[in-house]
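K.L.:
Residue numbers (the working numbering), protein chains in the order written: chain Y, 1 to 445; chain H, 1001 to 1445.
(1) Nearest CA to the CA of residue 429/Y: which residue from 40/Y, 276/Y, 409/Y?
(2) If you drop the 5 nearest sequence neighbours on each side, which residues of the same chain put their C-beta closer than 6 Å to that of residue 108/Y?
(3) Among the residues of its own chain, which have a CB less than 6 Å from the CB of residue 272/Y, if the five just before and after it don't count?
(4) With 7 Å as the C-beta to C-beta threshold (strictly closer), list the residues of the stretch 1186 to 1212 of chain H near chain Y in chain order.
(5) Is the Cβ of residue 133/Y closer than 7 Å to any Cβ of chain H?
(6) Please report the residue range of the alpha helix (DSSP H) in which residue 31/Y lies.
(7) From the DSSP output, read off the bridge partner residues of residue 447/Y.
(8) What residues in its chain sit with their C-beta under 7 Å from that of residue 1206/H, if we drop five residues either side in the sequence?
(9) Can you grab the Cα-Cα spacing for the pair residue 1134/H / residue 1020/H, in whole Å?
(10) Grab me the residues of residue 188/Y's own chain with a C-beta within less than 6 Å of its C-beta, minus the 5 sequence neighbours each way, in chain order.
(11) Against chain Y, does residue 1325/H count as a neighbour if the rule is that its beta carbon must be under 7 Å from one of theirs?
(12) Going by the CB atoms, is the gap between residue 184/Y and residue 388/Y shorter than 7 Å?
(13) Does DSSP classify residue 464/Y as helix, strand or coil?
(14) DSSP state of residue 48/Y, grouped into three classes?
(15) Is it right to say residue 199/Y is buried, meaning 16 or more other beta carbons lie within 10 angstroms of its own, or is it exposed?
(16) Threshold first: 4 residues or longer. Then list the alpha helix (DSSP H) segments lying entirely within the stretch 267 to 323 of chain Y, N to C.
(17) Please list the terminal residues of the continuous beta strand (DSSP E) segment that includes residue 346/Y.
(18) Throw me the rounded Cβ distance for the residue 968/H and residue 1394/H pair, which I believe falls under 8 Å.
(19) Considering only the beta carbon of each residue, do residue 1298/H and residue 301/Y sit closer than 7 Å?
(20) Which stretch, first to last residue, makes up the beta strand (DSSP E) that contains residue 1375/H?
(21) Should residue 426/Y be labelled buried (16 or more other beta-carbon atoms within 10 Å of its own) or exposed?
(22) My output table needs one value for residue 116/Y: the three-state DSSP class, helix, strand or coil.
(23) Give the residues of chain H in contact with residue 346/Y, contact being defined as C-beta atoms less than 8 Å apart.
(24) Would you grab the beta carbon distance between residue 385/Y and residue 170/Y for me? Rounded to a whole angstrom, and I think it's under 8 Å.
(25) Three or more C-beta pairs under 8 Å: does that hold for the stretch 254 to 270 of chain Y against the stretch 330 to 345 of chain Y?
(26) So residue 317/Y contacts chain H; which residues on that side make the cut at Cβ distance below 8 Å?
(27) Are the CB atoms of residue 114/Y and residue 9/Y within a distance shorter than 7 Å?
(28) Hey, is residue 1144/H's beta-carbon within less than 7 Å of any beta-carbon in chain Y?
(29) Please check if any C-beta of chain H sits within less than 7 Å of the C-beta of residue 287/Y.
(30) At what residues does the beta strand (DSSP E) containing residue 1402/H begin and finish?
(31) Which residue or residues does DSSP assign as beta-bridge partners of residue 1381/H?
(32) Express the C-alpha separation of residue 1084/H and residue 193/Y in angstroms, rounding to a whole number.
(33) In terms of alpha-carbon separation, which member of 196/Y, 250/Y, 225/Y, 52/Y lies closest to residue 155/Y?
(34) Alpha carbons only, please: which of 1030/H, 1178/H, 1026/H is nearest the one belonging to residue 1411/H?
(35) Roughly how many angstroms lie between the CA atoms of residue 1165/H and residue 1401/H, to the nearest whole one?
(36) Starting from the Cα of residue 1371/H, find the closest Cα among 1431/H, 1359/H, 1348/H and give me that residue.
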């Protein structure tokens, strides 16, 4: 296909910019430098910045203080391509088959960010002043947790000052379905350890007279939910903002059925909190989930020990307006109140992340919905994602700006997996989406 | 010490007869052959027998069908001596310090069986006919589960026909305290696996809508007991024979305090079924114990997965007149009835062992109590052990004879540990005990 836009994306995709593998350090730098040159060639001011980790690239259009400023965020680092033998074509030799570009990073996130870059470049090439100022921030550590991003934003706060942020790193509700993700769940993590006897005991000699730490851990886990599946921690739902009618309607209107979720999860039946649909349960309701538990003998067969200790790793997924620290406080009180005599309960609080919510009925929300509808020709789906995207809360905290999460990846793009791909039509739609969002936000002025 | 009886025991202890280590196969055979020669030199008929595993030694006195027959069981195999660096003197070079013989096997079980052998040899050397026929059975696989013993007994049933069995392989309630162990708990083992999604899921993307197998496993474990510590499986206690007054009195009279049990277990506080003392809970009451459980992420920190499966390994300790197969049936019904939709419960029944009980008020029970009192000069303690000794139920099943468990080991003899030892006074008491029990049982005739 003789299209310079595709050649640009292919060049970008050929860099094996695997942030987690130190042997690719030089590829990371080369990729960042290449991006900077690409930005400059399209008419942006651009530079590569040190971050304490892999470099970040910033590019800007000429600033007009009378116009709103949009920060467009993306990342040029990619997941490791392994297992290589499962790829039909090599991960760093982009190949088009059946209208899709196959390459590591094509859908996460090089395809989308390059669509935004080329879309904006197109506008710049038409001369004149854009209706909004653009700042591109393309980082190299998203796949390894963006550990340096917060500090980098603090350091460059003035330079990155903006009104709103646009990110295309989420998935569409269904193929070809324009999607605004307007909420993400927050998280609060906690591990508890139940300490009993000083060593594993013979369960014949001592069983019956000594409190079993595994039994206690199991009882504590069981106490987290009531019989019907609600979280049973006192006060857990206190700060949950009830679902609004339009939110429930939007959830019901999503082109995702319960059997789609069953198929994706590999289960025959769903479960969960009564009074809510599965879509609401994963996006709009908080949870208490055991991520791991253990204690005592783990091998084959039987070993008649009364284990000396047991543990559970819990995460709570949170929704507006819950506060992770408050949830950890409530959970800790709940557990401590239920720990029986004869064992010692140790509670280790883990990481926290605030839930995220941007009102689709806000001016920026509405502008993004108009842009999505113009490009895809249908009313956008309003999604709540059950997972967390920590950078979004980092942006809110440091730059005090909302993020518009405009999906460009399809559900079958295989992010993080072999044969990752990005439909050509999504790539071209992404360029148009960039132009539409720039116009719509520019028009708000 | 210039005593031929101690020299005999020392010779016996010098064989590194470690049944679980194949490099000691030749030592096992040499030890069995040595035993046979020792028996013959003392006036027994004796031979070494193949068993399918390590050989067994049988020795007999001349049979008089007018007299009762006592089978005395012991084992010549020992635990591995490692860690060697923790021994004050080498494990297979017996050494006397402070009135104790230090060597691997001294208290488990060479010291005791040699005391019985030499005690009986003494009687034989006095000429005449013993008041009871004696059969010694000394096997070489006790420390590795006595897997071949059942078959061996079946095969030699006629030859091993006896009225009662004497075993000195249990522990005294306190040092110098004559002890009859009259009951052992049985066991029923079961593993359950809770199967959920086909793979670990992202707990953000799916959490709240998919049943978590670790949560289910924890709830099932928690359901095994009521709030106060009773086993909550319907019908679990149906067949439990209530404790008799004399049994409760015997338990209360044991020279063991709750703080002794705390110290041994390494806990600050005991726990368990209401209405029973700790001694009763471990010896006379059945339990449901988690020996191991697991599911999901086991490493450091947090991994936000909703695990695909979880497991628990359970053992039930049983008392007269519970039946392990019936308990497994009840437990299985209990678990299946409580498994929620959305997961699949797999139940794997494990090994079973009947509880054991020999009435101390039976003729043989009383005879053994008289023998113990004669030798130690005080009223014997009546103990129930919480663990299981499978050979005892094997003897009952194949030879239809009760086992009298007459303790000779002290609580601080360190069986299975470095610096295993056996007090000289217990060794000499063991010889006298053999003679006393032979007389007491002979007198029953």
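Even for Gly, the Cβ is constructed at its ideal location relative to N, Cα and C.
P.N.:
According to the structure data:
(1) 409/Y
(2) 415
(3) 229, 281
(4) 1189, 1196, 1197, 1198, 1199, 1201, 1202, 1203, 1204, 1205, 1206, 1207, 1208, 1209, 1210, 1211, 1212
(5) no
(6) 25 to 41
(7) Coverage of chain Y is limited to positions 1 through 445, which leaves residue 447/Y absent and any answer about it impossible.
(8) 1306
(9) 29 Å
(10) 316, 324, 327, 328, 352
(11) no
(12) yes
(13) Coverage of chain Y is limited to positions 1 through 445, which leaves residue 464/Y absent and any answer about it impossible.
(14) strand
(15) exposed
(16) 278 to 283
(17) 344 to 353
(18) No answer is possible for residue 968/H: it lies beyond the span of chain H, which begins at 1001 and ends at 1445.
(19) no
(20) Taken as a continuous stretch (DSSP letters only), residue 1375/H belongs to no beta strand (DSSP E), being part of the alpha helix (DSSP H) at 1363 to 1376.
(21) buried
(22) helix
(23) None at all; the shortest Cβ gap to chain H is about 15 Å.
(24) 7 Å
(25) no
(26) 1203, 1204, 1207, 1208
(27) yes
(28) no
(29) yes
(30) 1402 to 1406
(31) 1179/H
(32) 33 Å
(33) 52/Y
(34) 1178/H
(35) 7 Å
(36) 1431/H
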